[in-house]
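Mind the numbering: the sequence shown is residues 267 to 404 in this note's numbering, read in order.
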Amino acid sequence: MKSPALCDWVFEHAGRTPEAPAVDSPGHRVSYGALARRIVSLAERLRAVGVGPGDQVLVALPNSPAAVVASLAVQHAGAVGVEVTREWSPAELSIVFEQTRLRCVVFAARDAQKLVPLARAAGVGLAIVVHSGELSRP
(Lines of atoms letter the chains of each structure in order from A; the text may use other names.)
(Lines give C-alpha, C1' and ligand atoms only; values in the text may rest on other atoms or scores of the structure.)
Protein backbone atom coordinates (compact mmCIF):
# COMPACT_ATOMS: atom_id res chain seq x y z
CA MET A 267 0.00 0.00 0.00
CA LYS A 268 1.37 3.39 -0.98
CA SER A 269 1.81 5.86 1.86
CA PRO A 270 -0.13 9.10 1.41
CA ALA A 271 1.94 12.16 0.56
CA LEU A 272 2.05 15.03 3.03
CA CYS A 273 0.08 17.21 0.61
CA ASP A 274 -2.70 14.58 0.63
CA TRP A 275 -2.85 14.88 4.40
CA VAL A 276 -3.12 18.68 4.06
CA PHE A 277 -6.01 18.31 1.58
CA GLU A 278 -7.80 15.87 3.89
CA HIS A 279 -7.36 18.20 6.85
CA ALA A 280 -8.51 21.19 4.75
CA GLY A 281 -11.71 19.31 3.95
CA ARG A 282 -12.43 18.72 7.63
CA THR A 283 -11.26 22.00 9.19
CA PRO A 284 -10.52 24.56 6.46
CA GLU A 285 -10.22 27.50 8.85
CA ALA A 286 -7.81 25.83 11.28
CA PRO A 287 -4.29 27.29 11.22
CA ALA A 288 -1.85 25.21 9.18
CA VAL A 289 1.17 27.52 9.04
CA ASP A 290 1.78 30.13 11.68
CA SER A 291 4.81 32.38 11.46
CA PRO A 292 5.42 35.97 12.56
CA GLY A 293 3.04 38.12 10.57
CA HIS A 294 1.64 35.24 8.52
CA ARG A 295 -1.05 32.74 9.43
CA VAL A 296 -2.32 30.41 6.73
CA SER A 297 -5.36 28.19 7.23
CA TYR A 298 -5.55 24.63 5.91
CA GLY A 299 -8.09 25.74 3.32
CA ALA A 300 -5.87 28.56 2.05
CA LEU A 301 -2.81 26.31 2.11
CA ALA A 302 -4.59 23.66 0.02
CA ARG A 303 -5.71 26.28 -2.53
CA ARG A 304 -2.18 27.69 -2.81
CA ILE A 305 -0.68 24.21 -3.22
CA VAL A 306 -3.07 23.38 -6.04
CA SER A 307 -2.52 26.74 -7.72
CA LEU A 308 1.27 26.47 -7.74
CA ALA A 309 1.17 22.77 -8.75
CA GLU A 310 -1.00 23.75 -11.73
CA ARG A 311 1.51 26.46 -12.67
CA LEU A 312 4.38 24.01 -12.38
CA ARG A 313 2.55 21.60 -14.69
CA ALA A 314 1.75 24.46 -17.09
CA VAL A 315 5.45 25.21 -17.55
CA GLY A 316 6.20 21.55 -18.21
CA VAL A 317 7.06 20.13 -14.80
CA GLY A 318 5.90 16.55 -14.53
CA PRO A 319 6.30 13.40 -12.49
CA GLY A 320 9.91 12.76 -11.53
CA ASP A 321 11.19 16.16 -12.65
CA GLN A 322 13.49 17.95 -10.24
CA VAL A 323 12.52 21.41 -9.00
CA LEU A 324 14.90 23.58 -7.00
CA VAL A 325 13.16 25.37 -4.13
CA ALA A 326 15.34 28.17 -2.73
CA LEU A 327 13.16 30.20 -0.40
CA PRO A 328 13.52 31.63 3.09
CA ASN A 329 11.70 29.80 5.87
CA SER A 330 8.20 31.12 5.23
CA PRO A 331 4.67 30.08 4.31
CA ALA A 332 5.69 30.43 0.64
CA ALA A 333 8.39 27.78 1.18
CA VAL A 334 5.82 25.40 2.67
CA VAL A 335 3.50 26.01 -0.30
CA ALA A 336 6.31 25.49 -2.81
CA SER A 337 7.52 22.25 -1.21
CA LEU A 338 4.05 20.75 -1.09
CA ALA A 339 3.13 21.99 -4.59
CA VAL A 340 6.21 20.33 -6.07
CA GLN A 341 5.14 17.11 -4.36
CA HIS A 342 1.54 17.53 -5.59
CA ALA A 343 2.79 18.00 -9.16
CA GLY A 344 4.55 14.65 -8.85
CA ALA A 345 7.98 16.26 -9.05
CA VAL A 346 10.94 15.94 -6.73
CA GLY A 347 11.90 18.93 -4.61
CA VAL A 348 15.55 19.84 -4.36
CA GLU A 349 15.44 22.17 -1.41
CA VAL A 350 18.28 24.46 -0.45
CA THR A 351 18.64 27.32 1.95
CA ARG A 352 18.82 30.70 0.30
CA GLU A 353 21.92 31.48 2.35
CA TRP A 354 24.04 29.10 0.28
CA SER A 355 26.83 30.74 -1.68
CA PRO A 356 26.89 30.71 -5.50
CA ALA A 357 29.71 28.14 -5.31
CA GLU A 358 27.60 25.81 -3.15
CA LEU A 359 24.55 26.30 -5.36
CA SER A 360 26.55 25.65 -8.53
CA ILE A 361 27.30 22.15 -7.22
CA VAL A 362 23.56 21.51 -6.90
CA PHE A 363 22.98 22.76 -10.44
CA GLU A 364 25.82 20.57 -11.75
CA GLN A 365 24.72 17.40 -9.95
CA THR A 366 20.99 17.54 -10.67
CA ARG A 367 18.76 17.74 -13.71
CA LEU A 368 16.58 20.62 -12.67
CA ARG A 369 13.48 21.38 -14.70
CA CYS A 370 12.48 24.53 -12.82
CA VAL A 371 13.64 26.86 -10.05
CA VAL A 372 11.37 28.49 -7.45
CA PHE A 373 13.07 31.37 -5.67
CA ALA A 374 12.57 34.72 -3.97
CA ALA A 375 12.87 37.82 -6.16
CA ARG A 376 15.64 39.17 -3.95
CA ASP A 377 17.79 36.14 -4.89
CA ALA A 378 17.51 36.63 -8.66
CA GLN A 379 21.04 37.99 -9.05
CA LYS A 380 22.45 34.88 -7.44
CA LEU A 381 20.18 32.20 -8.95
CA VAL A 382 19.36 33.37 -12.49
CA PRO A 383 22.97 33.17 -13.79
CA LEU A 384 23.38 29.70 -12.27
CA ALA A 385 20.10 28.51 -13.77
CA ARG A 386 21.00 29.88 -17.20
CA ALA A 387 24.46 28.31 -17.10
CA ALA A 388 22.87 24.95 -16.26
CA GLY A 389 20.27 25.31 -19.02
CA VAL A 390 17.32 25.65 -16.65
CA GLY A 391 14.97 28.00 -18.46
CA LEU A 392 11.94 27.85 -16.19
CA ALA A 393 11.54 29.93 -13.06
CA ILE A 394 8.78 30.85 -10.68
CA VAL A 395 9.62 33.88 -8.59
CA VAL A 396 8.19 34.76 -5.18
CA HIS A 397 7.47 38.50 -4.83
CA SER A 398 6.65 39.81 -1.35
CA GLY A 399 5.34 36.47 -0.15
CA GLU A 400 3.14 35.82 -3.19
CA LEU A 401 3.98 33.37 -5.94
CA SER A 402 4.18 34.72 -9.48
CA ARG A 403 5.71 33.85 -12.82
CA PRO A 404 8.01 36.33 -14.56
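No residue lacks a Cβ here, since even glycine has one placed at the ideal position from N, Cα and C. Keep in mind the model is a prediction, meaning the values are calculated, not measured.
Cα-Cα separation between residue i and residue j, rounded to whole angstroms
i           : j           : result
residue 390 : residue 305 : 23 Å
residue 345 : residue 379 : 25 Å
residue 313 : residue 293 : 30 Å
residue 271 : residue 319 : 14 Å
residue 442 : residue 283 : Residue 442 lies beyond the residue range present for the chain, which begins at 267 and ends at 404; the question has no answer from this structure.
residue 291 : residue 331 : 8 Å
residue 377 : residue 299 : 29 Å
residue 285 : residue 357 : 42 Å
residue 301 : residue 388 : 32 Å
residue 278 : residue 341 : 15 Å
residue 315 : residue 329 : 25 Å
CB contact flag (residue i, residue j, <8 Å)
i           : j           : result
residue 317 : residue 369 : yes
residue 324 : residue 395 : no
residue 309 : residue 343 : yes
residue 327 : residue 273 : no
Closest by C-alpha distance to residue i, when choosing among the options
i           : options            : result
residue 386 : 376, 364, 396      : 364
residue 361 : 340, 343, 384      : 384
residue 374 : 358, 351, 357, 338 : 351
residue 296 : 358, 315, 372, 280 : 280
residue 355 : 307, 336, 381, 376 : 381
Host beta strand (DSSP E) of residue i (start-end)
i           : result
residue 288 : 287-291
residue 325 : 322-326
The alpha helix (DSSP H) enclosing residue i, as first and last residue numbers
i           : result
residue 357 : 356-365
residue 297 : First-last for residue 297: 294-297, but that is the beta strand (DSSP E), not the alpha helix (DSSP H).
residue 381 : 378-387
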